[in-house]
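Colleague: Taken in order, these protein sequences are the chains called R and Y. Under my numbering, think of the first position of the first sequence as 2, with each following residue one higher. Under my numbering, think of the first position of the second sequence as 2, with each following residue one higher.
There are 2 protein chains.
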Amino acid sequence: MITSSTGPRPADFNDVRATNLSVVLRFIREHAPCSRADIASMTGLNKATVSSLVADLMDRRMLREIGFSESRVGRPATMIELDGQPFSAVGIEINVDYLTAVVVDLAGERLFAWRRTFPGADVPAAEAVSAVAGLARRVVNRMSKEGRQVLGLAVAVPGLVDVDGGVRLAPNLGWRDLDLYGDLRRALRDPDFPIEVENDANFAAAAEYRFGAHSGTGNLVYLTGEIGVGAGVVLDGTLRRGGQGYGGEIGHVQIDPDGPTCRCGRVGCLETVAGIGAVLDQAVTTPAEIEPEITQIVRRAQRRDPATLARLTRVGRNLGRGVAILSNLLNPEVVILGGYYVPLAPWLLPVVSAETRALTIAPDAGGLRVAASTLGHDAAALGAAGRVLDGVDSGRLPPSRTTHQPLSRRA
Amino acid sequence: MITSSTGPRPADFNDVRATNLSVVLRFIREHAPCSRADIASMTGLNKATVSSLVADLMDRRMLREIGFSESRVGRPATMIELDGQPFSAVGIEINVDYLTAVVVDLAGERLFAWRRTFPGADVPAAEAVSAVAGLARRVVNRMSKEGRQVLGLAVAVPGLVDVDGGVRLAPNLGWRDLDLYGDLRRALRDPDFPIEVENDANFAAAAEYRFGAHSGTGNLVYLTGEIGVGAGVVLDGTLRRGGQGYGGEIGHVQIDPDGPTCRCGRVGCLETVAGIGAVLDQAVTTPAEIEPEITQIVRRAQRRDPATLARLTRVGRNLGRGVAILSNLLNPEVVILGGYYVPLAPWLLPVVSAETRALTIAPDAGGLRVAASTLGHDAAALGAAGRVLDGVDSGRLPPSRTTHQPLSRRA
């Protein structure tokens, strides 16, 4: 006798239709422009169903017809593609001294990016939340003026984010147990779009998986090279966050029990020997201080300054020990170095790769490549915006023919 | 225009039916005994479809009717459950000096387990393959005499197994680049059941996920405590093997760059400071030597022998450093210690847990519990048999009404 409601999810009509809408949408995202017949033949859905699903998605203004195909026998087919124009997906990254917003349309085309300074480490959390909400409001209002519906807002945080969007710990911001999801919903007066809060490395990994040079690589790890070092782990094509969402903290794996003290209070964390602080060989607290220092290091390395090259080799070896942990444990296809590792990549990559191969038991490091990110410092914010699209693609569709109201006019 | 055949998989009639067969089968596995009406109401499939799917599964002899429910209003419903009897799933574990076979029926009930000695480290690979095939043949023939169809054979190997079932490296068996999958298929004369080859820790993790005390825990890691230390990683309810299948090699993560030399040739691997060799504080090569030594250690620890307790504390701390890597990186809900760690658990667990909590940045180790396995040394073979059932549950169904021929009578 059945007593519980667990088990396989019911596959009733609405579910089947939602699944099929999602199948059609993802198919068009990958293969547009294409015809209804193309969709039917490739998805196995029958033509009447495809026509109905396409009509539904057009009613939601997510698709548009773009004329006829001429390369076919018989009647020319009407071609369809995603209609990016009516929609926007907003990603915001909170960093120690700046906020970044990246906005993309439904097709994933970047509409614009804003950056503003933000004394994140020096203000109380409540003020920081106001600043983030203020930026979000400006973006949403601009979208509203342009007639674009906001599909969602996703916010990247450099810290431990739980599965409910709460920030459990963000050492570099001085945050602890902050309900960022709830605070943002309230500050934005319970908007009609979904809000998601996630660790920055996780969103950056999602950006690489969707937009990067290695997009579509099913087993991929992104390493942030900011003040902290964090990992975003994609396995079998999906971001893996662990039971409570706290995975990816490779920066705090103990590499050297006799090493330096970390800002987290522990000793010999990977961050202390392979983070940007170890590259600069001095205590730094803000990116504003780092940028010119990195430029200096690059110049010295280009001049083959022996002390600089030795330091980069040392950091590269330590980073390689961290990458070898990933390699032995997860056998990813690619590990992507982001942030300030990117300008240093010409010197770091060969050392990291060699150390990883030496310390991985699988021959040739199990096929692992180590590469530099091509997405720049916007990766986390871009990935945040992309995750909003992921939500849409997996069935969180905008309603039919609604008009979005600017937030400022709400009660 | 569509030029490639990638994209969402076609959802044609056969696929939909296969998916629905699988939904019904899994529902019955979790909820039996249940009626056709129960299945319809809980899966959302309509009653006619459910009746047809149940008839199909009964034709394959996978289900049976077991009388009527009396606890209902109206007409009594015929109750259905899995019919374990006509089928068997075979798991074999290859270890350094023994082979284990565990056989379960379709319902996952254990039919029997065999263990035979096996000089795995001392014979050429070809002889080892013959021994494994011989054991498999005996099991299959016994099943044949009992009228049970073999649903599949899965073989656990202590080493790096690629996604095609080839053994890339098994240091303790002295194997390198062995096509175990192909060799077994040939030795068994291309049998009519599927064969799978997989790393032992992966199968043990699958056993914990299906049969263990923490079954159903979506984020779970199993650590083998045999001569080697390996991890099987389950994230979001699925075994994660990495790009080439070489994940889980935590035993070869470098813990101490100044540590002892490992059998893999590297220095300071976790195995060298937290494996059973470190517990025994002497070089051992075969389990036959280990068993009585472990018994001695347990006795000494029970007598509170200071040297023994100090050694277990040291090993526990090192193991805790390994578990903290898992914890920081993957945030699992539970890490299960298997093999020889189990009898030592009373002394190891508190130290491992404390060290893990101390070295994990997430508060309270992100909710991680460290526990001893309850499945014993058969875990890998049991998990192998269970993986055969996983294959069936996800649609690799036995054919309708075929009779299985004993292997020995084939050409």
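Built from N, CA and C at the ideal position, the CB exists for glycine as well.
Could you give the first and the last residue of the continuous alpha helix (DSSP H) run that contains Gly68(Y)?
Modeller: Looking at the DSSP string, Gly68(Y) is not in any alpha helix (DSSP H); the run it does join, the beta strand (DSSP E), is 64–69.
Colleague: Does DSSP classify Ser53(R) as helix, strand or coil?
Modeller: Looking at Ser53(R) - three-state DSSP - the assignment turns out to be helix.
Colleague: Considering Cα atoms alone, identify which of Ala386(R), Asp379(R), Ala232(R) is closest to Arg117(R).
Modeller: Selected option, being the one with the closest Cα: Asp379(R).
Colleague: Please report the straight-line C-alpha distance between Leu221(R) and Pro333(R), rounded to a whole angstrom.
Modeller: In a straight line, the C-alpha of Leu221(R) is about 5 Å away from that of Pro333(R).
Colleague: Could you tell me which residues DSSP puts in a beta bridge with Ser36(R)?
Modeller: For Ser36(R), which the question treats as bridged, DSSP gives the partners Met80(R).
Colleague: Could you please give the first and the last residue of the uninterrupted alpha helix (DSSP H) stretch that includes Asp178(R)?
Modeller: Note, Asp178(R): premise wrong, no alpha helix (DSSP H); beta strand (DSSP E) at 176–179.
Colleague: Kindly indicate if chain R contains any beta-carbon less than 9 Å away from that of Val254(Y).
Modeller: For Val254(Y), the answer is yes, since a Cβ of chain R falls inside 9 Å of its Cβ.
Colleague: When you compare each of Val198(R), Thr79(R), Asp193(R) to Tyr182(R) by their alpha carbons, which one comes out closest?
Modeller: Checked all of Val198(R), Thr79(R), Asp193(R); the closest Cα to Tyr182(R) is Val198(R).
Colleague: Taking DSSP as the reference, what is the three-state secondary structure of Gly233(Y)?
Modeller: Strand, per DSSP.
Colleague: For Tyr247(R), does the three-state DSSP call read helix, strand or coil?
Modeller: Three-state DSSP puts Tyr247(R) in coil, outside helix and strand.
Colleague: Which residues in the same chain as Arg18(Y) place their Cβ atom closer than 7 Å to its Cβ, once the five residues preceding and following it in sequence are excluded?
Modeller: Excluding residues within five positions, none has a Cβ falling inside 7 Å.
Colleague: Going by the beta-carbon positions, is the gap between Arg30(R) and Gly109(R) smaller than 9 Å?
Modeller: Against a cut-off of 9 Å, the Cβ pair of Gly109(R) and Arg30(R) comes out as a contact.
Colleague: Tell me whether the beta-carbon of Gly160(Y) lies closer than 9 Å to the beta-carbon of Asn142(Y).
Modeller: Contact: no.
Colleague: Quick check: the Cα distance between Thr101(R) and Glu94(R), rounded to an integer number of angstroms?
Modeller: Roughly 5 Å between the two C-alpha positions.
Colleague: Can you tell me the Cα-Cα spacing of Gly8(Y) and Val274(Y), whole angstroms?
Modeller: A caution first: Gly8(Y) carries a pLDDT of 36, below 50, which makes its placement in the model unreliable, though a value can still be read off. One C-alpha to the other measures close to 47 Å.
Colleague: Taking 6 Å as the limit between beta carbons, can you name the residues of its chain near Leu320(Y), skipping five residues before and five after?
Modeller: Counting only Cβ-Cβ distances below 6 Å, and skipping sequence neighbours, we find Ala275, Val353.
Colleague: Pull up the CB-CB distance for Leu426(Y) and Ala134(Y), whole angstroms please, since I reckon it's below 8 Å.
Modeller: Since the first residue shown for chain Y is 2 and the last is 412, residue 426(Y) is missing from the structure and cannot be characterised.
Colleague: On a Cα-Cα basis, can you pick out the residue from Thr357(Y), Gly175(Y), Pro258(Y) that is closest to Pro125(Y)?
Modeller: Out of Thr357(Y), Gly175(Y), Pro258(Y), Gly175(Y) has the C-alpha closest to the C-alpha of Pro125(Y).
Colleague: Determine, using beta-carbon pairs with one atom in the stretch 340–360 of chain Y and one in the stretch 243–252 of chain Y, whether at least three such pairs fall under 8 Å.
Modeller: With the cut-off at 8 Å, the stretch 340–360 of chain Y and the stretch 243–252 of chain Y do not touch.
Colleague: Going by DSSP, what residues sit across from Gly92(R) in a beta bridge?
Modeller: Looking at the DSSP assignment, Gly92(R) forms a beta bridge with Val103(R), Ala155(R).
Colleague: So, at 7 Å on beta carbons, what are the nonlocal neighbours of Asp394(Y) in its own chain, with the 5 sequence-adjacent residues on each side left out?
Modeller: Cβ neighbours of Asp394(Y) beyond the five flanking positions: Ser23, Leu26, Arg27, Arg30.
Colleague: Look at Leu271(R) and Ile251(R) and say whether their C-beta atoms are less than 9 Å apart.
Modeller: In contact: Leu271(R) and Ile251(R) (Cβ atoms closer than 9 Å).
Colleague: Of all Cβ atoms in chain R, is any one closer than 9 Å to the Cβ of Asp16(Y)?
Modeller: Answer yes: the Cβ-Cβ gap between Asp16(Y) and chain R drops below 9 Å somewhere.
Colleague: Counting only C-beta atoms, is Gln150(Y) closer than 9 Å to chain R at any point?
Modeller: No - not a single Cβ of chain R is within 9 Å of the one on Gln150(Y).
Colleague: Among all the DSSP beta bridges, which residues are the ones paired with Phe113(Y)?
Modeller: Val104(Y), per the DSSP bridge assignment.
Colleague: Run through the DSSP bridge pairs and tell me what Val335(Y) is partnered with.
Modeller: Answer by DSSP bridge pairing, in chain order: Leu221(Y), Arg370(Y).
Colleague: Output yes if chain Y places a C-beta closer than 9 Å to the C-beta of Leu58(R); else output no.
Modeller: It does not; no Cβ of chain Y falls within 9 Å.
Colleague: Who are the Cβ neighbours of Asp13(Y) in its own chain at under 8 Å, not counting the five residues just before and after it?
Modeller: At Asp13(Y), the pLDDT of 47 sits below 50, so the modelled position is not reliable; the number obtained from the coordinates is stated separately. Taken in chain order, the list of residues that qualify is empty.
Colleague: Leaving out five residues before and five after Ser328(Y) in sequence, what residues of the same chain have Cβ atoms less than 7 Å from its Cβ?
Modeller: Here the set comprises Thr357, Thr361, Ala366, Gly367, Leu369.
Colleague: Counting contacts by CB-CB distance shorter than 9 Å, is Arg65(R) in contact with chain Y?
Modeller: Answer no: the Cβ-Cβ gap between Arg65(R) and chain Y never drops below 9 Å.
Colleague: Measure how close the beta-carbons of Phe88(R) and Leu107(R) come, nearest whole angstrom, since I'm counting them as under 8 Å.
Modeller: The Cβ separation is near 4 Å, so the contact holds.
Colleague: Where does Leu320(Y) sit, in a helix, a strand or coil, going by DSSP?
Modeller: If DSSP states are grouped into helix, strand and coil, Leu320(Y) belongs with the helices.
Colleague: At a CB-CB cut-off below 7 Å, which residues of chain Y make contact with Asn329(R)?
Modeller: Within chain Y, the residues near Asn329(R) are Glu250, Ile251, His253, Val254.
Colleague: Could you compute how far the alpha carbon of Gly121(Y) sits from the alpha carbon of Gly323(Y)?
Modeller: Taking the straight line from one Cα to the other gives about 28 Å.
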